[in-house]
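J.: Residue numbers (the working numbering): 2 to 563. Just so it is clear, CB atoms sit at the ideal spot from N, CA and C, and this is done for glycine as well. Note that the coordinates shown come from a computational prediction; the quantities given were computed from them, not determined experimentally. Handing you this structure, nothing more for now.
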């Protein structure tokens with residue numbers, strides 16, 4: 002049976018189990034939108050900006066493990082997806098971005114709203130396609146989902162000209178695909194795993210460095226077995242948080258630029274670092290030459306390109322983390338490392354990074370801790386980027402697997418609200434809190450309309466300090482307090498929420514914090530809380546740019562001039 006390209010696309014998405022599309026219509030994708038009413042199983046969520054569509058699809062993908070789908074028209078619509086696609090690429094999130102393109106006869110002629118989106122996104126997608134025949138759509142969709150989900154996950158883009166949506170072709174959805182050049186490695190090499198086991202069994206001061214790959218592979222039980230069997234402390238990358246219970250006695254929290262002091266010290270003193278599903282980002286390593294100076298390094302990752310890219314390792318293992326750990330754990334000897342764990346506990350006592358000073362002011366650390374207290378740790382936390390992100394990483398305890406959604410590699414301000422929309426759509430019966438900065442929130446606050454239109458009970462906590470806080474912190478510490486372009490005149494967020502039909506509360510004292518969170522938690526719909534936090538509160542610990550982890554600042558230092 003012959004179908005239009007638009008119908009073939011809809012049918013193909015259904016074959017791949019797609020339930021929701023985050024999109025924004027435009028001229029060249031109208032044939033697709035015209036076909037949508039025939040497919041009530043495909044829920045379309047209208048965002049207010051295409052960047053919101055990409056971030057919402059990203060949040061949806063992270064919490065469900067499915068491919069998030071976003072759609073935009075040609076030209077500016079497609080270009081507005083770029084930040085969200087890059088964000089998904091950096092954080093290994095399976096995404097399918099569908100863009101419309103001008104009709105085939107007009108490609109390359111600077112037609113109205115023409116943009117070479119496949120050229121633009123070449124460096125930030127695992128694969129992209131310009132689909133020039135309706136008969137190719139089904140095959141390309143099948144390949145796109147396979148590529149997005151397998152190996153190291155990531156975004157794939159399909160660019161479809163308007164007349165291809167209209168062209169008719171036979172619909173035959175392929176059962177299998179053949180991509181000879183794409184063969185991800187899943188099983189770790191037995192010899193390398195044996196070498197790793199020997200190093201772990203012989204180590205006196207081992208540390209596990211847990212990354213996002215553990216969450217992507219679902220290797221929670223295997224990581225816990227390794228840590229408990231060998232009694233190894235666990236530190237985390239930002240996106241590795243929630244891969245291992247945060248309240249576990251072996252959990253040391255996040256390491257790196259704003260990592261906890263004792264986590265950084267443990268890495269500095271370790272004689273073996275077991276890096277699992279992470280890529281040695283500069284925010285983790287600090288000055289690379291002095292990273293883990295006493296340790297041999299085992300590096301497990303599914304992407305061979307990450308092995309040896311930033312840090313030299315002694316035992317590389319390429320493969321899926323769950324498979325590797327299942328093969329590794331039986332070779333690990335049970336150990337009791339009392340002396341090493343005693344030293345770690347001493348660092349915790351000597352460097353209380355999570356201590357919150359007593360004051361009646363609204364401290365962001367106390368707000369985050371209170372959200373954890375009120376939710377019982379059962380919420381999914383979504384953050385933007387900046388100081389609030391680091392406070393959320395430090396002070397919320399992530400016991401629940403895969404309960405943090407944040408922009409890691411790209412550091413995208415404005416990620417929080419649209420990603421929380423996607424997370425809430427993916428987890429309809431669960432609690433989702435978006436912890437926002439007053440700067441980043443203003444980049445995408447129009448998505449409050451999407452929250453209301455879709456009746457999503459997202460809870461919003463705005464850390465409102467009247468600054469672009471993280472940049473201001475750097476200006477304070479390293480630029481002699483020259484606050485250039487960081488003081489932030491913001492709107493009345495409570496009135497904005499109410500204008501969209503969302504109840505809002507303003508919190509100006511510590512005594513109001515927990516009651517406001519409790520009210521939001523019990524409210525059946527969305528709610529926004531404007532926390533008027535201490536304006537010049539800083540995030541500590543902090544490793545200055547170019548410094549080593551052991552050179553971390555643990556409190557308010559002497560102001561220094563750059």
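#1: From this set, 58, 62, 531, 431, which residue's C-alpha is nearest residue 443's C-alpha?
#2: Looking only at C-alpha atoms, which of 526, 231, 323, 242 sits nearest to residue 425?
#3: Check for me: the alpha helix (DSSP H) holding residue 83 runs from which residue to which?
#4: Where does residue 479 sit, in a helix, a strand or coil, going by DSSP?
#5: Hey, could you find the ends of the beta strand (DSSP E) residue 423 is sitting in?
#6: Which partner residues does residue 279 have in the DSSP bridge list?
#7: Quick one, are the C-beta atoms of residue 276 and residue 234 less than 8 Å apart?
#8: Note down the Cα distance separating residue 412 from residue 249, rounded to an integer number of angstroms.
#9: Between the alpha carbons of residue 564 and residue 242, how many angstroms are there, rounded?
#10: Output the distance between the C-alpha atoms of residue 172 and residue 31, rounded to the nearest integer angstrom.
#11: If we call anything under 8 Å between Cβ atoms a contact, is residue 387 one with residue 414?
#12: Checking 8 Å against the spacing of the C-beta atoms, do residue 301 and residue 189 come in under that value?
#13: Using the Cα positions of residue 46 and residue 344, report the straight-line distance between them to the nearest angstrom.
#14: Find the nearest neighbour of residue 228 within the set 438, 148, 281, 209, judged by alpha-carbon distance.
#15: Looking at C-beta atoms only, is the number of pairs between the region 118–128 and the region 56–67 that lie closer than 8 Å three or more?
#16: Under the rule that 16 or more other beta-carbon atoms within 10 Å means buried, what is residue 141, buried or exposed?
#17: Within its chain, find whatever has a CB closer than 6 Å to the CB of residue 474; leave out the 5 residues flanking it on each side and keep chain order.
#18: State buried or exposed for residue 510, treating a residue as buried only when at least 16 other CB atoms are found within 10 Å of its CB.
#19: Just to confirm, is the Cβ distance from residue 244 to residue 221 under 8 Å?
#20: Considering residue 381, what are the terminal residues of the beta strand (DSSP E) in which it resides?
#21: What do you get for residue 360, buried or exposed, if any count of 16 or more other CB atoms within 10 angstroms of its CB means buried?
#22: For residue 559, count neighbouring Cβ atoms within 10 angstroms of its own Cβ and tell me buried if that reaches 16, exposed if not.
#23: Starting from the C-beta of residue 286, find all residues in its chain whose C-beta is less than 6 Å away, skip the five residues before and the five after it, and write them out in chain order.
#24: Any contact of the region 398–405 with the region 440–454, i.e. 3+ C-beta pairs under 8 Å?
#25: Count the other C-beta atoms from every protein chain shown that fall within 10 angstroms of the C-beta of residue 335, then say buried if there are 16 or more, exposed otherwise.
#26: Which residues does DSSP pair with residue 292 in a beta bridge?
#27: Note down, in chain order, each residue of its chain lying with its Cβ closer than 7 Å to the Cβ of residue 98, except the 5 sequence neighbours on either side.
#28: Looking at the structure shown, is residue 169 part of a helix, part of a strand, or coil, going by DSSP?
#29: Apart from the five residues just before and just after residue 77, which ones in its own chain have a Cβ nearer than 6 Å to its Cβ?
#30: Could you tell me which residues DSSP puts in a beta bridge with residue 437?
T.: Checking against the coordinates, here is how it stands:
#1: 531
#2: 526
#3: 83–91
#4: helix
#5: It is not in any beta strand (DSSP E) - residue 423 instead sits in the alpha helix (DSSP H) that spans 417–427.
#6: Its beta-bridge partners do not exist; DSSP assigns none.
#7: no
#8: 28 Å
#9: As displayed, the chain neither begins before 2 nor continues past 563, which places residue 564 out of reach and without an answer.
#10: 20 Å
#11: yes
#12: yes
#13: 52 Å
#14: 209
#15: no
#16: buried
#17: 539
#18: exposed
#19: yes
#20: 381–384
#21: exposed
#22: Note that residue 559 scores a pLDDT of 36, beneath 50, so its modelled location is shaky; the value from the coordinates is reported in the next line. With fewer than 16 Cβ atoms within 10 Å of its Cβ, residue 559 is classed as exposed.
#23: 292
#24: no
#25: exposed
#26: Residue 292 is not bridged to any residue.
#27: 55, 71, 82, 86, 156, 158
#28: strand
#29: none
#30: 463
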